Amino acid sequence: MDIATVNALPYEDFVNIFGNVVEKCPIITAALWSSRPFENLSALESAINNFIDALPESGKEGILRCHPDLAGRDLQSGTLTRESQQEQAGAELDSLNSMEASRMALLNQEYKQRFSFPFVICARMNDKEAILRQLSERIKNEHAVERAHGIEEVKKICHLRLQSLLLTDNMNKL
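With our numbering applied, the sequence shown has no gaps in its numbers, which climb one by one up to 294 at the end.
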């Protein structure tokens with residue numbers, strides 16, 4: 121899909137197509153629709169990032185809370201978004217052995233208790249070993265540092281999801 125097609129999309133189609141580039145946050149793309157036309161993919165991505173950056177800290181934490189636990193209940197029950205399912209499977213989080221699954225569940229629980237939002241990492245840029253290592257390390261961060269780190273990971277996820285939508289001929293949602 122090229123940027124001219126994106127800019128010509130009616131509101132409903134724009135939100136349906138781009139509503140999950142930030143996990144379960146279609147309000148972001150709904151708000152940005154009126155900012156069209158976008159010059160290119162980078163301009164659209166910058167608009168999303170600027171929207172996120174302008175949020176108060178509570179809004180940023182809200183975005184983080186929209187993300188599922190990695191290798192968690194939603195993965196096991198098949199209720200992840202299509203994008204999250206593909207990303208977690210690509211990082212082999214759907215094939216953890218029992219020891220890895222137990223460790224992931226425990227660390228996810230400790231992380232959420234400490235920060236009040238789930239651990240967010242760009243699964244497409246990591247494998248299960250790196251994710252477990254990062255989770256073990258990042259759980260030690262201060263709250264503000266970890267919130268900022270989580271938001272940077274959200275932006276990486278968004279970048280890759282936008283690329284998948286715009287740099288392929290993926291017109292099946294139209």
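For every residue, glycine included, the Cβ atom is placed at its ideal position computed from N, Cα and C. Because the structure is a prediction, the values reported are computed rather than measured.
Counting of Cβ neighbours within 10 angstroms places residue 270 among the buried residues, the total reaching 16 or more. DSSP, read as helix, strand or coil, puts residue 274 in helix.
If the five residues before and after residue 167 are omitted, its C-beta is found closer than 6 Å to the C-beta atoms of 152, 155, all from its own chain and listed in chain order.
When Cβ pairs closer than 8 Å are counted between the two stretches, the segment 246-254 is seen to touch the segment 214-233, the count reaching three or more. Residue 238 and residue 187 do touch by the CB rule: their CB atoms are close to 5 Å apart, below 8 Å. Between the segment 163-177 and the segment 221-234, the count of C-beta pairs closer than 8 Å stays below three; the two stretches do not touch. Just so you know, the alpha carbons of residue 274 and residue 241 end up roughly 7 Å apart.
Look at residue 199 here: in three-state DSSP terms it is coil, with no helix or strand label. Secondary structure at residue 146: helix, using DSSP grouped into helix, strand and coil. Spatial neighbours of residue 278 in its own chain (CB-CB distance under 8 Å, excluding positions within 5 residues in sequence) are listed in chain order as 141, 142, 165, 168, 169. Going by DSSP, residue 175 is part of no alpha helix (DSSP H) at all; its letter is neither H nor E. In the displayed model, residue 226 falls within a helix according to three-state DSSP. With respect to the 8 Å criterion, residue 192 and residue 243 are not classified as neighbours on the basis of their beta carbons.
Distance from the CA of residue 200 to the CA of residue 145, rounded to the nearest whole angstrom, comes to 14 Å.
In this structure, DSSP gives residue 244 a helical state, which the three-state scheme calls helix.
For residue 127, the enclosing alpha helix (DSSP H) stretches over residues 123-128.
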